[in-house]
Amino acid sequence: MMEKDKIIEKVNELIQTNKDSEEGFKTAAASVEDNQTTALFEELSNQRGHFARELQDMVQQFGGEPAESGTFSGTLKRGWMNIKTAVTSDDKTAVLNECERAEDVAKEAYEDAMKSRLPESVSDVVSRQYHLVKAAHDRVKALRDRSRAAAG
164 MMEKDKIIEK VNELIQTNKD SEEGFKTAAA SVEDNQTTAL FEELSNQRGH
214 FARELQDMVQ QFGGEPAESG TFSGTLKRGW MNIKTAVTSD DKTAVLNECE
264 RAEDVAKEAY EDAMKSRLPE SVSDVVSRQY HLVKAAHDRV KALRDRSRAA
314 AG
């Protein structure tokens, strides 16, 4: 099992990932005019906010200081920042492309955490959230593929 500090660090990374996703989906929701897509992005933004709060509680249980905001650094930042560019082009497919790319990064963050030797209580939560992140990724990807087909 990992040292307590390493557990807190790993969980805080997931909190930051979820905070980035929460804000990214909020931006995406405000950028599209299709009600179905807006509703999906709002749902996923809320989901990621819930995930972050759940993980923050866990960090506190381990005696740590939970991350309060996203990283907006590195690959995840680039993915979500590209949404802002896509928004200005008013292209739903472009927004969906960027959301799907950012979700790839979120999936990878969870996969990385699951490779760690986390305690079972943490591992169970991370695994459950991972499966929901993966399902969300697949929903965004399917919507993107339908949008591409309709546009093309």
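Numbering (the working numbering), first residue to last: 164 to 315.
Backbone N, C-alpha and C fix where the C-beta goes; we use that ideal spot for every residue, glycine too.
- One thing to note: S208 has its Cβ no nearer than 9 angstroms to the Cβ of T256.
- By the neighbour-count definition (other C-beta atoms within 10 Å, threshold 16), S284 is an exposed residue.
- A distance of 9 angstroms or more separates the beta carbons of R211 and S232.
- For L177 against Y273, the beta-carbon gap comes to about 7 angstroms, under 8 angstroms, which counts as contact.
- K169 and E271 have their C-alpha atoms spaced approximately 18 angstroms apart.
- Bounds of the alpha helix (DSSP H) holding E186 are 167 to 194.
- Nearest in C-alpha terms to Q224, of all of P282, D197, A305, R291, is P282.
- The beta carbon of H300 sits closer than 8 angstroms to the beta carbons of E263, E266, D267, A269, K270 from its chain, once the five residues preceding and following it are set aside; these are given in chain order.
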